[in-house]
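Numbering (this note's numbering), first residue to last: 8 to 389.
For glycine and all other residues, C-beta sits at the position ideal for the given N, C-alpha and C.
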Amino acid sequence: MKIVVDENILGATAAFQQFGEVQLCQGRTLRSETLGDAEVLIVRSVTPVNADLLKGSQVKFVGSCTIGTDHMDLDYLQEHGIAYCNAPGSNADSVVDYVLSAMVALPGLLTRLLNGERAGIIGLGNVGGRVAARLRALGIACDGYDPFVNPEQYDFLQNLETLQRCHVICMHTPLTISGPYPSRHMLSLQWLQALPQGATLINAGRGAALDTDVLLALKQQRNDINLVLDVWEGEPSVNRQLAEQCVFATPHIAGYSADGKINGVGQVAKVLADFLGRPVMDFTLPADMLETPKIALGQGCQEDQIRHAVRAIYDIRDDDRCFRQTLKSDNPAAGFDLLRKNYPLRRELKTASLVDKQTRNASDTHLFAALSGQSLVGGIGI
8 MKIVVDENIL GATAAFQQFG EVQLCQGRTL RSETLGDAEV LIVRSVTPVN
58 ADLLKGSQVK FVGSCTIGTD HMDLDYLQEH GIAYCNAPGS NADSVVDYVL
108 SAMVALPGLL TRLLNGERAG IIGLGNVGGR VAARLRALGI ACDGYDPFVN
158 PEQYDFLQNL ETLQRCHVIC MHTPLTISGP YPSRHMLSLQ WLQALPQGAT
208 LINAGRGAAL DTDVLLALKQ QRNDINLVLD VWEGEPSVNR QLAEQCVFAT
258 PHIAGYSADG KINGVGQVAK VLADFLGRPV MDFTLPADML ETPKIALGQG
308 CQEDQIRHAV RAIYDIRDDD RCFRQTLKSD NPAAGFDLLR KNYPLRRELK
358 TASLVDKQTR NASDTHLFAA LSGQSLVGGI GI
């Protein structure tokens, strides 16, 4: 059985060769003729999976090692009896680390949040729910908006207008264009203009959830508002003018931790094994990636400890610098994909442990547990 796999999926060959012959491909430029007699297709979100790609193929199973499905024509797959899956929540903690890194990198923002300013989270699924959980564990007040969750699930749900009081807005919605609450271009210029002075808008969800033209108009009228964008309309092409208006701009890498990538591969491999009626080997990070990151919180105030811990794992400023250099090149779209393809190894906060002397300090232990999302039950990797 032939399995066509996006070459940029970390560990793909090791994970899927147990099921058949793996043929690697370029995901963004994948065409139907590449599929040949393949029965399984494994992709990322850069590959549109639709009739144009699959018509006349022998594909019986499509797996996406990413959290979303907006790149897949689910109606077509169902109508043609093609099994499919994605990897919900696989890189959620990686995205939370990204959001935290943005917050600690903006001068004074973390201090203001710890002193009472509110964070608004739009979309409370796997990612947004974890963003809220970590912020609230740190003592940061949150408002959440998600018309699809049970109001009894969260005690901080508000209507969308109430979130206009928040000094930080985090976007974590899937991309939908129909139904009662479509997320495409969901925040209007009027809505954004009502945000507090110096507010920050972070989008690490889907690029088209925000309208590029609206954001450009917003910066013309409210230059005090900070934009942090990891996702863009029209990727891999990026509106350079909008990127220049961002305090931080990155090439859709918020969820690019090694842990998140491997989680996604493992989830899809298990579903494929069930589909084929075969056992699946346990799949984890390769041994040379498994070293546990060690973090020293330092002896400063709480804000300094949080900032130090987050940056020890991930510093958004590094990706911002690399991306801005790429945008100056003759072919920034190709550079966008190249940055993602060659992205350096990055672990997640939840995989780290404190240095020995701080594991004996209860306040440090509790702070790190809240920051990383690690459960205090049974220890936090000490």
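Determine the direct distance from the alpha carbon of residue j to that of residue i, and round the result to whole angstroms.
| i | j | result |
| --- | --- | --- |
| residue 343 | residue 327 | 12 Å |
| residue 381 | residue 375 | 8 Å |
| residue 49 | residue 23 | 9 Å |
| residue 81 | residue 55 | 11 Å |
| residue 145 | residue 97 | 23 Å |
| residue 188 | residue 167 | 12 Å |
| residue 307 | residue 345 | 38 Å |
| residue 129 | residue 165 | 10 Å |
| residue 153 | residue 131 | 6 Å |
| residue 229 | residue 218 | 16 Å |
| residue 148 | residue 173 | 9 Å |
| residue 171 | residue 29 | 49 Å |
| residue 134 | residue 339 | 28 Å |
| residue 113 | residue 104 | 15 Å |
Compare the beta carbon distance of residue i and residue j with 8 Å and say whether it is the shorter of the two.
| i | j | result |
| --- | --- | --- |
| residue 102 | residue 261 | yes |
| residue 320 | residue 351 | no |
| residue 216 | residue 193 | yes |
| residue 302 | residue 238 | no |
| residue 324 | residue 264 | no |
| residue 47 | residue 279 | yes |
| residue 318 | residue 111 | yes |
| residue 206 | residue 156 | no |
| residue 226 | residue 17 | no |
| residue 204 | residue 231 | yes |
| residue 27 | residue 9 | yes |
| residue 60 | residue 31 | no |
| residue 334 | residue 356 | no |
| residue 90 | residue 67 | yes |
Label residue i either buried or exposed according to how many other C-beta atoms from any shown protein chain fall within 10 Å of its C-beta, with 16 as the threshold for buried.
| i | result |
| --- | --- |
| residue 13 | buried |
| residue 93 | buried |
| residue 383 | In this predicted model, residue 383 has a pLDDT of only 40, less than 50, meaning its place in the structure is not dependable; the value taken from the coordinates is given anyway. Counting Cβ neighbours within 10 Å, residue 383 comes out exposed, since fewer than 16 surround it. |
| residue 281 | exposed |
| residue 43 | exposed |
| residue 258 | buried |
| residue 385 | For residue 385, the predicted structure reports a pLDDT of 38, less than 50, and the residue's modelled location is therefore unreliable. A value from the coordinates is still provided. Exposed is the call here. |
| residue 141 | buried |
| residue 100 | buried |
| residue 64 | buried |
| residue 2 | Nothing in the structure corresponds to residue 2, since the chain is present only between 8 and 389. |
| residue 137 | buried |
| residue 285 | exposed |
| residue 370 | exposed |
| residue 241 | exposed |
| residue 115 | exposed |
| residue 151 | buried |
Return the Cβ separation of residue i and residue j in integer angstroms, given the expectation that the two are a contact with Cβ distance under 8 Å.
| i | j | result |
| --- | --- | --- |
| residue 235 | residue 199 | That pair is no contact at about 14 Å. |
| residue 249 | residue 222 | 6 Å |
| residue 84 | residue 106 | The Cβ separation is near 32 Å, so there is no contact. |
| residue 126 | residue 72 | Contact doesn't hold; Cβ gap of about 29 Å is too wide. |
| residue 220 | residue 358 | Going by Cβ atoms, the distance from residue 220 to residue 358 rounds to 40 Å, so no, they are not a contact pair. |
Taking 7 Å as the line, does the beta carbon of residue i fall inside it for any heavy atom of the ligand NAP?
| i | result |
| --- | --- |
| residue 229 | Inclusion of the ligand NAP in the displayed structure is not the case, the ligand content being empty and no account of it being possible. |
For the structure I just gave you, are there three or more beta carbon pairs, one from the stretch 117-136 and one from the stretch 275-292, closer than 8 Å?
no
Can you confirm whether the stretch 330-339 touches the stretch 239-259 when touching is taken to mean that 3 or more C-beta pairs between the two stretches lie within less than 8 Å?
yes
Is the number of C-beta pairs between the stretch 335-349 and the stretch 303-317 that are closer than 8 Å three or more?
no
Measuring CB atoms only, is the stretch 69-84 touching the stretch 174-182, in the sense that at least three cross pairs come out at less than 8 Å?
yes
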